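Residue numbers (the numbering used here), protein chains in the order written: chain R, 1 to 426; chain Z, 427 to 789; chain D, 790 to 1009; chain P, 1010 to 1144. The C-beta atom is built at its ideal place from N, Cα and C for all residues, glycine as well. On a predicted model such as this, the values are computed, not experimentally measured, just so you know.
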Amino acid sequence: MSEATLERGLNALKEVIDTPMALFFSSCTHCGMCATACLFYTETENPAYTPINKVEPLRRLWEQEYTLVGRIKKALGMSKPITDEELEEWKEYAYNACSLCGRCTMVCPVGNDITYMIRKMREGMAASGHTPEGLVGASTRAVEIGSPMGVKLPALQAQARHVEKDTGIDIPFDVEGAEYLMLMSSMEIMNYPEYLEAVSRIFHAAGKSWTISSEAFEATNSGIQIGSSDIARQLVSRVVNAAEKLKVKTVISPECGHAYTAIRWEGPNLIGRPFPFHVKHILEVLDEFRAEGLLKTEGFEDARMTFHDPCQLVRRGGVVQQPRNLLNMVATDFVEMKDHGIMNWCCGAGGGVSANEDAEELKMKAFNRKKHQLEELDGVETLVTACANCRIQIEEGLEENEIDMPVVGLTELLAEHLVEENKTEG
Amino acid sequence: MADDRTLAEMLRAQGITRRGFLKFCATTASMMALSPAMVPKIAAALESARRPSVIWLSFQECTGCTESLTRSHSPSIEKLIFDVISLDHHHTLMAASGHAVDEALNEAMEENFGKYILIVDGSIPVGNPAYSTVSGISNLDMLEHAAKGAAAIVSVGTCAAYGGLPYAKPNPTGAVAVSDIIKDKPIINVPGCPPIPVVITGVLAQFLTFGKIPELDSLGRPKAFYGQNIHDRCYRRPFYERGQFAETFDDEGAKKGWCLFKLGCKGPVTYNACATTKWNEGTSWPVEAGHGCLGCSQPDFWDMGGFYNALSVPTVDLAKKAAVGIAAGAAIGVAAGALNRRKKAKAVSEHQTVTVDDLEKGA
Amino acid sequence: MNEVDFLLWVRGPGLAIATVIFVLGMTVKMFEIFMLGRKKNLAELRGTGVKEGFRTIITRSGHVDTYSTRNTRFTHIAGWVFHIGMFTTIFLLAPHIEVFKSIIGFAWPALPTPIIDLATVIAMITMLAMLFHRITNPVLKYLSTGQDFVVWTLTFLPLLTGYMAYHHLFFSYTLVLGLHILSVCLLLVFFPFTKLTHAVTLFFARWYNGMMAGEKGVQQ
Amino acid sequence: MTMACNDATTSGEEIFTGNVTPILNEIRHALNTLLETGESTIIDLRALPMGPGEEQHLESLLGIGEATATINAMGPTTVNESLFAGVWLVTHRNTDDEILGKFIEITRIPSILESQTEDIRGALKALPDLLAENC
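What follows is the structure, encoded as C-alpha cells:
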C-alpha cells in the first residue's frame, strides 16, 4: 500500500511534459482572453479560475526542469519550488472549476491547448494525492465494483429483462461475433432506463447485431476525470478485452461525454496499441443508419427545440453534424443556440465536476451561462442533448431556476418516432 | 609687430568707405550665420575690435585646412580678414625659414603673452613623438609650450579637433586631439575635413567681434555653424520623407537627385553648415554634387561603418554573428535537449503506477 | 565615451553581442522544445490534422468566440492595431529595410516616412492603452508578473526612441539613434528568455492546437 | 510665360524640392509688415538650403523691376528692385567677382544705398579742397 507523495506527483508531471506543452508555455503572453471563454470565470468573476492559471505549477515545473535558464535559476535558488500546499490550493482551480470542456483551447490567440495541459496537470495532482474526495470515491468504486455509481451487473440484467418484457426484443449478452458492442453509462442505467429500450428497438429495426458484455458494460472512466492514466488504463482495458474476446467490429460509446474521449481518443494511447475495432458514439452509428436508410422515423415534434452540444462529443470529439441530421428527422422547429456547435458552452458538470461534492455550488453557478443561452432563445420548449451527465445537470439547473423545460436524450427522441415493421404488442 | 589701431581705423586707412565697412559687416554676419538684423551690432563691435595676434601651428596634418582657410587659389574676404588679424606665425605661409621662424614664434608669444589666439591644425602623435616634429621640437612639446600664453585655442580641422585621419583605426602614431592634451584653456573645435573656409573665418570673426568664445555644443563646436544637422537642412530631405532613394550612383534616382541615404550618406548624424553655407561661395556641396555626406565634422568619421553603407546598417556582419549564434546554440541546444530527454526518460522509468488505493496522502 | 563613440559601439559590437545572444538563445530554446518530442496518437483519427493545423495558424488571429468578443474586444483590437503598427514601422521604414538588406541580402520598397511616423504613434498609443488595461482589468492584474511589465518596456522603448530619433527630439540625433539601437539590443538580448518567444513559438503552438483538433475532425 | 513657382525650370535636371514657395510667402508677409509697421525685413539666401537651380528660379520669378544700382566698395554690389515694388535683391561680390552674400531686402530702400554720415563728413572735408583748386 504505497501512498501519494509530492515526489510521485512531480515525477508524473515530468513524464507528461512534451513539445506541444513547451511551445504553449513559451507562447503565453498573459493576455487573459482564455478567462472570458471559461464559464467558471464568466459566472464567478474569480480571476483565479482563468484557465492558464490552472496550470501555473506545471509551467514552473517545465521552466525549472526543461529550460536551460530555468535550471540555472533553480541551481541559484532563484526559483519558487512546487509544494504540497500549492497543489492543495490548485485542487479547486484544476478540478472544481474545470470541466475540461476545451473552450479556452479554441480561443487562445497564441494557440495554447490549455485543456490538454490541465488534463496532464491532473496526472501530477492524482499521483501527489491532491484530488477531490468525490473523484477518489468514484474511481475506487469504478475499479472495485465496476461503476463509479456502484451499479452492478444484476441491476443492468434486471433492466434488460424489463426492456425485453416491454418490447419483446431480446437483449443479447456476451454474443460473440456481434457487429456492435454496446456500452452503457451508470447514469443511464440508474436514471435513464429509456436509453437501453431505445437502442434495442432501433438496432432491432435496423437489423444490426449487437451485444452487451457482462464483463465490461460500463463506459464511463473515472481515471480520465481524476486525471490518472494508470487508473484510466485499468478501466479501459476491461472494455478492450471484452471487445476483443467478443470479436466485435465497433464499440459504441453511449450518450455520455468523457466516455467517448476515454475510449476513442485516450484508449489506444493508454494501452499503447491501436484498437483492432472501431469506436463510435451512439449518434455516429445512428447517423450511419440514417444514411443507409436503416433508421426510419415518422411524425414530427411540434415543440420548438434546441440542442445542447456536449463538449466531449462535439468540440473535443468532432461529432458535430450528426446530431443536427438526426434531430432534423423529428423536429420541425429546431433552433440553434447562439454559440452552438464546436463553440457551444459547457453545462458545467463535465470532467468530473458532477462527481465532486466540493464543486456542487460552483457547478450550479456555472450553469447560469447555459441559462443565459436559453434565455436568449425566445420560446424554446424542449432541450435535446446526447449526454446523461449534461442531462442531469441541466435538469437540476432548470429546476433550481424554476424553468419548466423538459430535457430529452436524442436517442430516446428518435426511438419515439421509430418506424418498426413487425411491431410486437406488449 | 602688433598694430594697436582699431579695425575701423585700419579699414579707413585703406580707403574703405563706411558703406564698404557696412558691406563687410553684412557679409561677415552672413558668414557667421547670424541674422541680418545683427549687422548694426556687429558693425559697432567690429569698429572697436583690437587686432589680435594669431599663431598658427601645424602638426600631423595634410595642409588641407590651411589650403581651405587661405584659399590660396583665390584670396577674397578671408584675405581681408588676414589683413585684419596679424598672423604672426604660420610655417607654410611665412616667408622666413629656419631659426628665424623659431625666433619669430617665441618673440610673438612673449610679446602678446596671454592675448594671442593659437590655431592648431593636425593631430598630435603621443604614441611616438618622433613621428611629427618641427625643427627638432616634438608637436607635443610645441603645443604645450605655445598653449601657455594663448587666450584661446582654435582646433581647425577634424584632426586637431578629434584626431581625424591619423586617429582612425589602427592609429599607428597614437595621434590625439588638442583637447586631449590641453585641459586648462578654452578650446574651440572647428572640425571638418577640411572645414568650410567661411566657417574658419566666421569663427575667427566671431571671436574677433565679440571677443569671447562662441557658444559651443557638447563636442566643443560653435553652435552658429555646427548647431544644424545636415539631414535637417538638406534640400533632398523631401525625397527621404517620400521614400525616394538613389540605389546606385548612376541610377534613375541618382539622376533625379533623390536622397542618398542608401548610398551611405551620414547626414543624419553630422552637424555642419554645408547644407546652407555650401562650399566654394555657395556653389555646391557634396550632396548637391551627388555624393553622400561623409560626416567629416564628426569624431571617428573614418570608422563609421563604411562611407557607402547606409547609416542604419550595422558596422559588423550580423549574418556572420548570427551564424556563430546558431552554431553555438545548436551545440548547447542539443546538449540541453538530450539532458531533457534523459530526465524525462528517468521520470518514466521511475514511474510508480497509481492505483485507487494510493490516491490519498498517508492512506 | 562621447555620443559618437556610443553610437559607434552600439551600431557595431553592441548589435553583434545582442545578435549572438538572441540567435543562440532562440536556437537553444527551439532544440529544448522540439527534442522533448510528442507521443504518436494511436487512436483511429478522422484525419492527420496537418491541414487543419496550418489553417488554425491563420484563423486563430481572428475572433472565434462571439460571447467574449464583447468582453475581450479591447484586447483583440488593440492586439491587432499594435502589431500592425509595430510591424509596419519595423519592416517598411527605409533605414530599417537597409539593415535587413545588409543581413539577408535583398530589400523591398519602403513606405514614405510620415506614414511610418503615424504607424509608430498608433503603436505607442495602443501600447499605453494595453498597459492601462493590464493594470486595471481584474484577470490581467491577477495574471501579470514582473516579466509582463519588463517585456512591455522592452517593446515600448525602441518605438519611443525611434520616434525621438526621427524627430530629433530633446537630444542630438546621434545620441538618440544610439539609444534607439541600444533599446533594440536589449529587446534582442531578453527575447529568448521572456514571453517574447511567443513571436516564434505561437505559429507552432497554433499548428499543434489546430492539428490536435483536426485529428478529431474539429476545424475552426 | 508664367511658371508655377515650384515647377522645376525647363533646364532638365533642376530639382523640385518645394523651397521656393515658402520664401515667396515669407516675402508676402514681409511686404505686409512693411506697409503696416514700416519695418523692413532682410532674408539671407545663404542661410537657406537651396537646391541647385532653385536660387536662379526664385530670382527669375521675382524678375528685375524699374530700379537698379551698383556700388563699388571692396568689389561690386548690385542692388535691384524686383518686379514687386519693395522687394529688392542685393548681391555682394568681392574684388574677384565672387558672391559673398545674397540678400532679399523687403524695404523702401536698401540701407547700403544710403550715403553714410562718416562718408559725408569725409566729403565735407574734401569739397573745399575741390573748390580751392577749380574755381
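**Ser502/Z (DSSP reduced to helix, strand or coil)** = Your numbering for residue 502/Z matches position 76 in the second sequence. Interpretation of Ser502/Z is limited by its pLDDT of 49, a score under 50 that renders its predicted location unreliable; the figure taken from the coordinates is listed afterwards. In the structure shown, Ser502/Z sits in coil (DSSP, three-state: anything other than H, G, I, E or B).
**Message:** Assuming Lys574/Z is part of the alpha helix (DSSP H), what are its boundary residues?
**Reply:** Within the second sequence, numbered from 1, the residue matching residue 574/Z stands at position 148. Note, Lys574/Z: alpha helix (DSSP H), Asn565 to Lys574.
**Request:** Below 8 Å CB to CB, which residues in the same chain sit around Ile1108/P once its five sequence neighbours on both sides are set aside?
**Result:** Taking the first residue of the fourth sequence as position 1, residue 1108/P is located at position 99. For Ile1108/P, where only same-chain residues beyond five positions count, the Cβ hits under 8 Å are Thr1100, His1101 and Arg1102.
**Prompt:** Less than 8 Å separating the beta-carbons of Ser605/Z and Gly646/Z?
**Reply:** On the second sequence, position 179 is the one that residue 605/Z refers to. On the second sequence, position 220 is the one that residue 646/Z refers to. For Ser605/Z and Gly646/Z, yes; Cβs fall inside 8 Å.
**Message:** Suppose you measure from the CA of Thr50/R to the CA of Gly32/R; what does that come to, to the nearest Å?
**Reply:** Sequence index remark: in the first sequence, residue 50/R carries index 50 (1-based). Sequence index remark: in the first sequence, residue 32/R carries index 32 (1-based). So the alpha carbons of these two residues sit roughly 7 Å apart.
**Asked** Which residue comes first and which comes last in the beta strand (DSSP E) that contains Asp333/R?
**Response** By 1-based counting over the first sequence, the position of residue 333/R is 333. First-last of the beta strand (DSSP E) with Asp333/R: Ala331 to Phe334.
**Request:** Please list, in chain order, all residues of the same chain as Val163/R whose beta carbon is under 8 Å from its beta carbon, the five residues on each side excluded.
**Result:** Taking the first sequence and counting its residues from 1, the one referred to as residue 163/R is at position 163. Counting only Cβ-Cβ distances below 8 Å, and skipping sequence neighbours, we find Ile169, Ile171, Pro193, Leu196, Glu197 and Ser200.
**Asked** With a CB to CB cut of under 7 Å and the five nearest residues on each side skipped, what residues in its chain are close to Ala48/R?
**Response** Here residue 48/R refers to the residue found at position 48 when the first sequence is read from its first residue. For Ala48/R, where only same-chain residues beyond five positions count, the Cβ hits under 7 Å are Tyr93.
**Asked** If we cut at 8 Å on Cβ distances, does Ser710/Z have a partner in chain P?
**Response** Indexing the second sequence from 1 puts residue 710/Z at position 284. With 8 Å as the cut-off, Ser710/Z counts as an interface residue toward chain P.
**Prompt:** Is there contact here, the region 71–89 of chain R with the region 135–151 of chain R, by at least three beta-carbon pairs under 8 Å?
**Reply:** no
**Request:** With 8 Å as the C-beta to C-beta threshold (strictly closer), list the residues of the region 65–93 of chain R near chain D in chain order.
**Result:** Tyr66, Thr67, Leu68 and Val69
**Item:** Contacts of Asp230/R in chain Z (Cβ-Cβ under 8 Å)
**Value:** Residue mapping note: residue 230/R aligns to position 230 of the first sequence, counting from 1. Per Cβ cutoff of 8 Å: Thr779, Val780 and Thr781.
**Message:** Checking 8 Å against the spacing of the C-beta atoms, do Thr702/Z and Gly721/Z come in under that value?
**Reply:** Here residue 702/Z refers to the residue found at position 276 when the second sequence is read from its first residue. Here residue 721/Z refers to the residue found at position 295 when the second sequence is read from its first residue. Not in contact: Thr702/Z and Gly721/Z (Cβ atoms no closer than 8 Å).
**Residue from Val465/Z, Phe636/Z, Ala603/Z and Tyr652/Z whose Cα sits closest to the Cα of Ile622/Z** = Translated into the one-based positions of the second sequence, residue 622/Z becomes position 196. For the residues Val465/Z, Phe636/Z, Ala603/Z and Tyr652/Z, the minimum Cα distance to Ile622/Z belongs to Tyr652/Z.
**Asked** Which residues in the same chain as Glu86/R place their Cβ atom closer than 8 Å to its Cβ, once the five residues preceding and following it in sequence are excluded?
**Response** As a position in the first sequence, residue 86/R is number 86, starting the count at 1. Taken in chain order, the residues that qualify are Pro57.
**Item:** Residues sharing a beta bridge with Gln486/Z, DSSP
**Value:** In the second sequence, counting from the first residue as 1, residue 486/Z sits at position 60. Gln486/Z pairs with Ser549/Z.
**Item:** C-alpha gap between Met790/D and Ser558/Z, whole angstroms
**Value:** Counting from 1 along the third sequence, the entry for residue 790/D is found at position 1. Counting from 1 along the second sequence, the entry for residue 558/Z is found at position 132. Straight-line Cα distance between these residues: approximately 27 Å.
**Request:** Can you grab the Cα-Cα spacing for the pair Phe938/D / Leu917/D, in whole Å?
**Result:** For the purposes of this step, residue 938/D is taken as residue 149 along the third sequence, with counting starting at 1. For the purposes of this step, residue 917/D is taken as residue 128 along the third sequence, with counting starting at 1. Their Cα atoms are separated by approximately 12 Å.
**Asked** Out of curiosity, what's the CA-to-CA distance linking Ser500/Z and Glu536/Z?
**Response** Counting from one through the second sequence, the residue named residue 500/Z turns up at place 74. Counting from one through the second sequence, the residue named residue 536/Z turns up at place 110. In this prediction, Ser500/Z has a pLDDT of 43, which is less than 50 and means its spatial position is unreliable; what the coordinates show is noted afterwards. For Ser500/Z and Glu536/Z, the distance between alpha carbons rounds to 33 Å.
**Prompt:** Is any beta-carbon of chain Z found at less than 8 Å from that of Asn221/R?
**Reply:** In the first sequence, residue 221/R corresponds to position 221, counting from 1. By this cut-off, Asn221/R is not an interface position.
**Ala1078/P, DSSP secondary structure in three states** = Indexing the fourth sequence from 1 puts residue 1078/P at position 69. Reduced to three states, the DSSP call for Ala1078/P is strand.
**Prompt:** Using a C-beta cutoff of 8 Å, does Asp794/D count as contacting chain Z?
**Reply:** Position 5 of the third sequence, counted from the first residue, corresponds to residue 794/D. Answer yes: the Cβ-Cβ gap between Asp794/D and chain Z drops below 8 Å somewhere.
**Item:** Contact set for Ala594/Z: own chain, Cβ-Cβ below 8 Å, skip 5 residues either direction
**Value:** Stepping through the second sequence from its first residue, residue 594/Z is reached at position 168. Excluding residues within five positions, the ones whose Cβ falls inside 8 Å are Asp726, Trp728 and Asp729.
**Item:** Residues, ordered as in the chain, of the region 1046–1062 of chain P that lie near chain Z by beta-carbon distance below 7 Å
**Value:** Ile1051, Asp1053, Arg1055, Ala1056, Leu1057, Pro1058, Met1059, Gly1060 and Pro1061
**Message:** Does Met305/R come out as helix, strand or coil in the three-state DSSP assignment?
**Reply:** One-based indexing of the first sequence puts residue 305/R at position 305. Residue state, collapsed to three classes: strand.
**Request:** Note down the Cα distance separating Thr741/Z from Gly755/Z, rounded to an integer number of angstroms.
**Result:** In the second sequence, the residue the question calls residue 741/Z occupies position 315. In the second sequence, the residue the question calls residue 755/Z occupies position 329. Thr741/Z and Gly755/Z: Cα-Cα distance of roughly 23 Å.
**Asked** Is the distance from the Cβ of Ser228/R to the Cβ of Val760/Z below 8 Å?
**Response** Indexing the first sequence from 1 puts residue 228/R at position 228. Indexing the second sequence from 1 puts residue 760/Z at position 334. Cβ distance not < 8 Å, so Ser228/R and Val760/Z don't count as in contact.
**Request:** Write down every uninterrupted run of the beta strand (DSSP E) in the region 590–642 of chain Z whose length is 3 residues or greater and which is fully enclosed by it, in chain order.
**Result:** 613–616
**Prompt:** Who are the near neighbours of Asn11/R in its chain, counting only those whose CB is closer than 8 Å to its CB and skipping five residues on each side?
**Reply:** As a first step, residue 11/R must be located in the first sequence, where it is residue number 11. Counting only Cβ-Cβ distances below 8 Å, and skipping sequence neighbours, we find Ala127.
**Prompt:** Going along the chain, which residues of its own chain have a beta-carbon closer than 8 Å to the beta-carbon of Met125/R, five neighbours each way excluded?
**Reply:** Your numbering for residue 125/R matches position 125 in the first sequence. So the qualifying residues of the chain are Gly9, Leu87, Trp90, Lys91, Ala94, Tyr95, Thr131 and Gly227.
**Message:** On the criterion of 16 or more Cβ atoms from any shown chain inside 10 Å, does Lys829/D qualify as buried, or is it exposed?
**Reply:** For the purposes of this step, residue 829/D is taken as the residue at position 40 of the third sequence. Counting Cβ neighbours within 10 Å, Lys829/D comes out exposed, since fewer than 16 surround it.
**Asked** In chain Z, what lies closer than 8 Å to Thr1086/P by C-beta?
**Response** Position 77 of the fourth sequence, counted from the start, is the residue given in the question as residue 1086/P. In chain order: Lys449.
**Message:** For a cutoff of 8 Å on Cβ pairs, would you count Ile503/Z as touching chain D?
**Reply:** Counted from its first residue, the second sequence places residue 503/Z at position 77. Here the model assigns Ile503/Z a pLDDT of 49, short of 50, so the residue's position is not dependable, and the following value carries that caveat. No, no contact with chain D.
**Contacting positions in the region 328–361 of chain R - beta carbon closer than 8 Å to chain B** = No chain B appears in this structure, whose protein chains are R, Z, D and P.
**Request:** Could you check the C-alpha separation between His865/D and Glu244/R for me, to the nearest Å?
**Result:** Numbered from its first residue, the third sequence carries residue 865/D at position 76. Numbered from its first residue, the first sequence carries residue 244/R at position 244. Each residue's Cα considered, the two are about 50 Å apart.
**Message:** Just checking: is the beta-carbon of Cys660/Z within a distance shorter than 8 Å of some beta-carbon in chain P?
**Reply:** Mapped onto the second sequence, residue 660/Z falls at position 234. Cβ-Cβ to chain P under 8 Å: yes for Cys660/Z.
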